[in-house]
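Since the structure comes first, as structure tokens, the remarks are kept for the end.
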Amino acid sequence: MQTFLWHDYETFGANPKKDRPAQFAAIRTDMELNEVQEPMEWFCKPPLDYLPDAQACLITGITPQQAMQKGEMEHVFADRIQQAFSQPETVGVGYNTIRFDDEFTRFLLWRNLLDPYAREWRDGNSRWDLLDVVRMTYALRPEGVNWPVGEDGKTSFKLELLSASNGLLHEAAHDAVSDVRATIALARLIRQKQPRLFEYALALRDKRMVAKELGFPAAQNQVKPFVHISGMFPVEQGCLAVMWPLANHPTNRNEVIAWNLASDPRELLDLDVQTIRQRLFSRQVDLPEGIVRLPIKSIHMNKSPMVVGNLKVLTPQVQQRWNMDMATLEQHALWAQALPDMSAIWAEVFSRQKNDLGVAVMAEQDLYGGFVSDADRKRLLELKKRPLDQWSECKGRFEDPRLDELVFFYRARNHVETLSEQEMAQWEQHRKRVLIEGYAGARTASQLMAEIDALSDDASEAQQDILGALYEWTDYVTPDW
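Numbered according to our numbering, the sequence shown spans residues 314 to 794.
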């Protein structure tokens with residue numbers, strides 16, 4: 314049976330590579346959004362070579378001490394989450410999950426010697442994200458939903474504001490279980506008010522459907538524009554743009570490079586590789602005065618992008634609402650179609666640049682440094698069947714140099730009693746490098762103390778308690794250093 318697994322993390326920071334989960338909640342529903350299982354809720358013990366972000370703790374209200382008391386060792390936490398997602402025909406979904414929660418899941422599984430990707434595609438599984446469906450509803454079919462305005466005077470897609478403006482139950486924002494229930498309630502509202510849009514958006518979790526809407530790759534004279542809805546476009550424009558597919562990404566077959574037709578594509582004719590790189594990968598504030606970033610965006614076909622190949626979806630009402638100049642868009646599309654073949658240029662633009670900054674990267678942060686071979690994946694499965702006291706004997710047997718490091722830290726964090734005297738000294742040396750010296754970009758004790766001091770001035774009594782707990786936790790994990 315096909316089911317949705319609605320889920321949400323509360324975390325100790327915003328960076329999936331470096332930060333750690335505090336709480337995970339999930340509710341499984343059928344495709345009509347009826348709950349079919351009891352809610353899942355698990356906490357995760359923080360490791361002793363990591364310090365949380367103070368602001369994140371104030372947002373969630375979860376201290377490391379609470380997670381340590383309520384939580385499970387990270388390898389147990391990871392096993393449970395993988396098991397939940399791996400039920401056949403599961404659609405993993407939430408609110409901003411593809412950009413945030415899914416990344417935390419991937420890095421969590423990677424650290425714990427599990428396949429970071431299989432649950433996303435194996436056995437009929439897929440992933441989806443309600444946030445972009447909400448944006449699409451706002452852009453194209455807003456009727457039936459009350460759209461809240463944030464403090465900046467613009468329409469807001471914050472879950473707690475949408476819940477309040479539409480009378481949906483949301484007991485406690487930034488509590489994982491409450492956030493999951495609010496997400497399901499919002500999905501029910503959109504499915505009820507705009508059922509065709511909901512089903513269309515759901516179909517886009519299949520990258521073959523996305524490719525069909527893009528109509529790409531295609532012969533030059535058959536390429537056509539498409540509508541794209543994304544948080545990368547201003548909410549004042551409906552988070553909407555008409556795009557032109559320029560090329561397939563030279564190294565990622567699931568990625569299409571596209572041009573926003575609000576701008577004249579002939580600009581590309583006069584740009585060399587270095588200029589394109591600068592104007593594509595630099596932040597606007599880092600560019601010289603008078604130079605703007607190129608209106609190029611990648612469409613990731615395996616990330617459920619909201620795309621529509623039929624421009625008739627841009628009804629006169631939609632065009633008027635978002636001040637769309639269709640004549641200009643059509644002219645820019647004609648000019649885009651006349652562009653010469655730039656595939657050689659894109660290959661240079663997107664070639665991976667060497668890390669010249671000299672910043673150390675731990676194996677657990679290097680998930681995207683390459684896929685693990687089938688042979689190494691098999692070795693990991695065999696390793697996990699062995700008694701823990703034999704794991705150190707397997708050092709040097711992997712093809713992938715990252716895996717020995719992953720295995721060592723897996724043992725140190727989850728089964729410290731299995732470390733030899735020499736390994737224990739290595740673990741303590743690592744903790745000091747990370748927590749005191751900030752190795753591999755880690756948050757240091759001194760940085761956290763400074764953050765606590767800065768936040769204390771305006772903190773409420775409850776927040777002072779959280780900051781005090783963080784201060785004590787820092788002392789606990791950095792004794793006498």
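All C-beta atoms in this analysis are idealised placements derived from N, C-alpha and C, irrespective of residue type, glycine included.
Bounds of any alpha helix (DSSP H) do not take in residue 481, whose DSSP letter is neither H nor E. Here the region 589 to 607 makes no contact with the region 696 to 706; the two share fewer than three CB pairs at distances below 8 Å. Separation of the CB atoms of residue 380 and residue 356 is rounded to 5 Å, and the pair is thereby assigned contact status at 8 Å.
The beta-carbon separation of residue 559 and residue 655, rounded to 7 Å, stays under the 8 Å limit for a contact. Looking from the CA of residue 767, the closest CA among 500, 367, 448 belongs to 367. For residue 647, the number of other beta carbons within 10 angstroms of its own is below 16, and it is reported as exposed. In the DSSP assignment, residue 738 falls within the alpha helix (DSSP H) that extends over 734 to 748. For residue 403 against residue 517, the beta-carbon gap comes to about 17 Å, at or over 8 Å, which does not count as contact. Residue pairing by DSSP places residue 560 opposite 570 in a beta bridge. Within a 10 Å sphere around the beta-carbon of residue 582 sit fewer than 16 other beta-carbons, which makes this residue exposed. For residue 525, the enclosing alpha helix (DSSP H) stretches over residues 520 to 527.
Taking every protein chain shown into account, the CB of residue 446 has 16 or more other CB atoms within 10 angstroms, so this residue is buried. Taken in chain order, the whole alpha helix (DSSP H) runs of length 4 or more contained in the region 346 to 406 are 367 to 373, 377 to 383, 387 to 398. Taking the CA atoms as reference points, residue 490 sits about 21 Å from residue 504.
One alpha carbon belongs to residue 595, the other to residue 610, and they sit about 13 Å apart.
Per DSSP, the unbroken beta strand (DSSP E) holding residue 610 starts and ends at 609 to 613.
Here the C-alpha atom of residue 494 lies approximately 27 Å from the C-alpha atom of residue 466. Residue 341: member of the beta strand (DSSP E) spanning 334 to 342, first to last residue.
The beta carbon of residue 783 lies closer than 8 Å to those of 365, 367, 370, 376, 377, 761, 765 in the same chain, with the five residues before and after it left out.
Taking C-beta separations shorter than 7 Å and ignoring five residues to either side along the sequence, the partners of residue 553 in its chain run 452, 540, 542, 546, 635, following chain order. Residue 323 is bridged by DSSP to 336. Contact check for residue 388 against residue 789 fails: the beta carbons are separated by 8 Å or more. The Cβ-Cβ distance between residue 712 and residue 689 falls below 8 Å. With respect to residue 575, residue 618 sits apart: the two C-beta atoms are not nearer than 8 Å.
Beyond the five residues adjoining it in sequence on each side, residue 530 comes within less than 7 Å, by CB distance, of 561 in the same chain, given in chain order. Residues 717 of the same chain have their beta carbon placed closer than 6 Å to that of residue 708, with the five preceding and five following residues left out of the count. Sixteen is the threshold: since fewer than 16 other Cβ atoms of the shown chains lie within 10 Å of the Cβ of residue 710, the residue is exposed. Contact between residue 449 and residue 514 holds, with the beta-carbon distance rounding to 6 Å and staying under 8 Å. CA-CA distance, residue 570 to residue 777, rounds to 47 Å. Our two residues, residue 791 and residue 335, have alpha carbons roughly 20 Å apart in a direct line. One thing to note: residue 606 has its Cβ no nearer than 8 Å to the Cβ of residue 590.
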